[in-house]
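The opening residue of the sequence shown carries number 39 in this note's numbering; numbering runs sequentially from there. Glycine included, C-beta positions come from ideal geometry on N, C-alpha and C. Reviewing the structure listed below.
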Amino acid sequence: MAPQLILLALQRRVPVLGFCRGSHDLHVALGGSLHQWLRELPGSVKHWEDPDEELDEACRERHFVTAVPGGELESIARMGRFPVSSLHSQGVNVLGAGLVAEAHADDGLVEAFRWHDASLFAWGFQFHPEWGWRWHPAYGRIMQSFVQACRSQRADKIAAATCANPAPRSPGVT
Numbered sequence: 039m040a041p042q043l044i045l046l047a048l049q050r051r052v053p054v055l056g057f058c059r060g061s062h063d064l065h066v067a068l069g070g071s072l073h074q075w076l077r078e079l080p081g082s083v084k085h086w087e088d089p090d091e092e093l094d095e096a097c098r099e100r101h102f103v104t105a106v107p108g109g110e111l112e113s114i115a116r117m118g119r120f121p122v123s124s125l126h127s128q129g130v131n132v133l134g135a136g137l138v139a140e141a142h143a144d145d146g147l148v149e150a151f152r153w154h155d156a157s158l159f160a161w162g163f164q165f166h167p168e169w170g171w172r173w174h175p176a177y178g179r180i181m182q183s184f185v186q187a188c189r190s191q192r193a194d195k196i197a198a199a200t201c202a203n204p205a206p207r208s209p210g211v212t
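This is how it looks when you write it as structure tokens:
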């Protein structure tokens with residue numbers, strides 16, 4: 039997603055959800071930087087897929103993430119540590135302005151982050167909760183939180199439009 043669209047979505051309080059490359063777009067749009075090749079980092083957890091893997095193998099859970107204790111992700115997922123699907127070769131180096139780290143891999147790499155104002159659902163995930171949301175408890179709760187944020191945002195817009203333009207009254211009705 040283009041940086042301008044990300045910034046516009048945040049300004050208009052539209053829920054944002056980025057996975058893998060989408061999380062990179064979100065955090066780079068806010069001034070963050072990336073490790074370009076995680077394989078070169080010493081002591082790195084294996085975050086990437088092998089070129090010869092079949093799709094089901096590439097989508098498997100590769101490592102664990104640990105949510106920040108007491109953080110928003112721990113609250114949403116109702117889990118402090120869980121396995122994740124991971125196949126990225128880049129990763130957060132310096133987190134973008136206004137973003138808060140919510141989960142890390144065992145090597146310290148940021149795996150989940152959110153916009154600092156928790157009243158706006160704007161999240162980036164290095165891992166892929168969209169792949170196993172039907173069976174993975176944490177993934178399902180993440181996806182359901184996004185759906186709920188979209189519904190709430192839509193309901194707020196409808197309520198604001200209705201209050202701003204009340205229905206016309208019939209003559210003689212008080």
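Should residue i go down as buried or exposed, given a rule of 16 or more other Cβ atoms within 10 Å for buried?
i: residue 157; result: exposed
i: residue 76; result: buried
i: residue 146; result: exposed
i: residue 170; result: buried
i: residue 43; result: exposed
i: residue 70; result: buried
i: residue 176; result: buried
i: residue 53; result: buried
i: residue 152; result: buried
Under a three-way DSSP split, which group does residue i fall into?
i: residue 150; result: strand
i: residue 215; result: Any question about residue 215 goes unanswered here, given that the chain covers just 39 to 212.
i: residue 110; result: helix
i: residue 64; result: helix
i: residue 184; result: helix
i: residue 170; result: coil
i: residue 121; result: strand
i: residue 99; result: strand
i: residue 178; result: helix
i: residue 55; result: strand
i: residue 76; result: helix
Inspect the beta-carbon positions of residue i and residue j and report whether they are closer than 8 Å.
i: residue 102; j: residue 119; result: yes
i: residue 45; j: residue 136; result: no
i: residue 129; j: residue 72; result: yes
i: residue 59; j: residue 84; result: no
At the level of alpha carbons, what is the spacing between residue i and residue j?
i: residue 112; j: residue 105; result: 6 Å
i: residue 98; j: residue 167; result: 11 Å
i: residue 109; j: residue 92; result: 35 Å
i: residue 155; j: residue 79; result: 31 Å
i: residue 131; j: residue 149; result: 11 Å
i: residue 181; j: residue 124; result: 17 Å
i: residue 163; j: residue 57; result: 5 Å
i: residue 114; j: residue 161; result: 12 Å
i: residue 184; j: residue 192; result: 12 Å
Consider the C-beta atom of residue i and the heavy atoms of the ligand SAH; say whether any pair is separated by less than 7 Å.
i: residue 129; result: Ligands in the displayed structure: none, and consequently the ligand SAH is not present.
Q. Is the segment 176-188 touching the segment 141-148, taking contact as three or more C-beta pairs under 8 Å?
A. no
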